[in-house]
Amino acid sequence: MMPHIFVPVKAPPVALLYLFRENRQDAHLHAISAAVWQGNQKLAEIAPVHCLGMTNRQVNEYLRNMLEVVGEKFGITEFEPPIQMEPMECPMSDCPLKISV
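Under the numbering used here, the first residue of the sequence shown carries the number 1191, and numbering increases by one thereafter.
Below, the structure written as structure tokens:
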């Protein structure tokens, strides 16, 4: 059996942006969350928020606020390309998609 050699990676922290939206052109944004990673280690997480009722301007302002927070703490100036998630994958327990009437 061949031995495994571990080579440490010097990766800078990155901010991953998660957008919960159906995969169609006219779909509304359901929710947003983000996480800061450095290699395989999660350094921080911004809790998801629903975007129901938010205007595009409010969503963009919230994104700027999120980036400002991770920038102050980790020196990050931009998000990595967004990761698209389906609304049914929304992690919030009080999600309107999961509440039965």
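Ideal Cβ placement from N, Cα and C applies to all residues, glycine included.
Alpha-carbon to alpha-carbon, residue j and residue i
| i | j | result |
| --- | --- | --- |
| D1284 | M1192 | 50 Å |
| K1273 | P1238 | The identity of residue 1273 in the sequence shown is Ile, whereas the question assumes Lys. Taking the straight line joining both Cα atoms gives about 13 Å. |
| L1233 | R1214 | 32 Å |
| V1259 | W1227 | 15 Å |
| A1217 | L1206 | 21 Å |
| E1251 | T1245 | 10 Å |
| Y1208 | P1277 | 11 Å |
| F1269 | E1279 | 21 Å |
| K1263 | L1257 | 10 Å |
| P1202 | G1261 | 13 Å |
Classification of residue i by the beta-carbon crowding that lies within 10 angstroms, buried from 16 upward
| i | result |
| --- | --- |
| F1196 | exposed |
| H1220 | buried |
| M1158 | There is no way to answer for residue 1158, as the model of the chain reaches only from 1191 to 1291. |
| V1199 | exposed |
| L1242 | exposed |
| A1303 | As displayed, the chain neither begins before 1191 nor continues past 1291, which places residue 1303 out of reach and without an answer. |
Start-to-end residues for the alpha helix (DSSP H) that takes in residue i
| i | result |
| --- | --- |
| F1264 | 1246–1264 |
Cross-strand partners of residue i (DSSP beta bridge)
| i | result |
| --- | --- |
| L1206 | A1225 |
| L1219 | R1211 |
| F1185 | Absent from the structure is residue 1185, since the part of the chain shown begins at 1191 and ends at 1291. |
Start-to-end residues for the beta strand (DSSP E) that takes in residue i
| i | result |
| --- | --- |
| L1233 | 1231–1240 |
| Q1274 | 1273–1275 |
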